[in-house]
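Reading through the structure tokens given below for one structure.
Chains as they are written, first to last, in our numbering: chain V, 779 to 885; chain W, 2 to 198.
Written as structure tokens, this is what we have:
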């Protein structure tokens with residue numbers, strides 16, 4: 779079933795989003811305007827390094843944008859979901875729901 | 002030969018991913034617009050109030066100064082909350098923000114009412130403890146919908162309130178300064194530094 783969905787052009791979405799931390803980043807940003815690195819780290823319960831790596835991959839795919847500013851001379855990193863990222867997340871969500879629905883249908 | 006376990010594993014995976022998405026969304030909707038800078042400013046005004054309270058010749062006058070400080074602090078807190086929420090694009094009437102505000106209210110309103118009743122009956126000795134425990138309980142309750150620093154701050158106020166029950170009344174002004182000044186300033190600066198202002 780996943781293979782069939784991949785054939786429909788969702789390969790990039792699946793490759794990126796199917797990983798737990800990246801899925802968590804998209805899920806968290808889907809329900810908030812933006813989240814700081816610290817808030818995202820606390821929400822997902824991951825290490826700095828782990829979050830940085832996965833956030834960078836989502837940034838490279840233009841699924842999220844990262845804004846780095848300074849507040850009281852300390853760096854503040856804020857992440858926001860892009861329209862492309864939201865579409866990818868919603869598509870992934872739709873695929874997961876379709877999978878569950880397909881399994882429920884009588885054979 | 003087809004693997005009959007494959008559809009079941011796929012189904013389980015999809016369910017697990019959806020559960021994870023739901024729990025992450027719940028966790029992410031914590032109210033993150035608690036105004037750290039505004040809380041720190043409230044701490045500063047509390048120290049000013051403590052200075053003024055120390056100058057008063059009667060206990061009633063000292064407590065009146067703190068009532069005035071509560072009004073000032075409430076105004077600062079409300080403005081700071083609205084400013085930070087707007088800058089973060091958070092609607093205070095929805096979601097975690099709404100839960101935060103609603104959770105704050107019951108203990109705060111009860112504490113204010115009990116303190117008023119005690120004042121009317123002339124039992125002013127217990128008022129600082131009621132203020133501190135009531136406010137602390139309100140912050141702990143509201144903090145369950147916010148970042149982890151907020152309920153810890155509330156617990157600190159509750160501890161200060163419990164201490165007020167056993168501290169001699171002549172030290173109440175200092176204890177109120179330590180709590181409303183020190184705790185607000187310390188936690189406010191921490192929130193401002195780590196949670197976006």
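No residue lacks a Cβ here, since even glycine has one placed at the ideal position from N, Cα and C.
Chain-ordered chain W contacts of residue i [CB-CB under 9 Å]
i             : result
residue 878/V : 12, 15, 16 and 19
residue 817/V : 29, 31, 33, 148, 195, 196 and 197
DSSP three-state assignment for residue i, whether helix, strand or coil
i             : result
residue 852/V : strand
residue 794/V : helix
residue 841/V : coil
residue 813/V : strand
residue 17/W  : helix
residue 779/V : For residue 779/V, the predicted structure reports a pLDDT of 45, less than 50, and the residue's modelled location is therefore unreliable. A value from the coordinates is still provided. Of the three classes helix, strand and coil, the one that applies to residue 779/V here is coil, per DSSP.
residue 92/W  : coil
residue 824/V : coil
residue 57/W  : coil
residue 808/V : helix
residue 860/V : coil
residue 873/V : helix
residue 196/W : coil
residue 169/W : coil
residue 189/W : helix
residue 123/W : coil
Where residue i falls, given that 16 or more other Cβ within 10 Å makes a residue buried
i             : result
residue 139/W : buried
residue 232/W : The question about residue 232/W has no answer, for chain W in this structure spans 2 to 198.
residue 80/W  : exposed
residue 43/W  : buried
residue 828/V : exposed
residue 823/V : exposed
residue 147/W : buried
residue 39/W  : buried
residue 166/W : exposed
residue 31/W  : buried
residue 172/W : exposed
residue 149/W : exposed
Counterpart residues of residue i in DSSP-defined beta bridges
i             : result
residue 846/V : 855/V
residue 32/W  : 147/W
Contacts that residue i makes with chain W (C-beta to C-beta distance below 8 Å)
i             : result
residue 798/V : 21
Neighbouring residues, chain W, relative to residue i (Cβ below 7 Å)
i             : result
residue 809/V : 26, 29 and 30
residue 859/V : Per Cβ cutoff of 7 Å: no residues; residue 859/V is ~11 Å from chain W at best.
residue 852/V : 194
Neighbour flag for residue i against chain A, beta carbons, 7 Å
i             : result
residue 821/V : Checking the listed chains, one finds no chain A in this structure; the protein chains it contains are V and W.
Contact test: residue i Cβ vs the ligand FAD heavy atom, cutoff 6 Å
i            : result
residue 78/W : Only the bare structure without any ligand can be found here, which leaves the ligand FAD out of the picture.
Chain V contact residues for residue i, given Cβ-Cβ distances below 9 Å
i            : result
residue 91/W : 810 and 811
Chain V residues whose Cβ lies nearer than 7 Å to that of residue i
i           : result
residue 8/W : 881
Of the residues that make up the segment 133 to 148 of chain W, which ones have a beta carbon closer than 9 Å to any beta carbon in chain V? 148
Short-range partners of chain V found in the segment 35 to 61 of chain W, where Cβ spacing is below 7 Å: none
Using a Cβ-Cβ cutoff of 8 Å, what residues of the segment 176 to 189 of chain W are near chain V? List them in chain order. none
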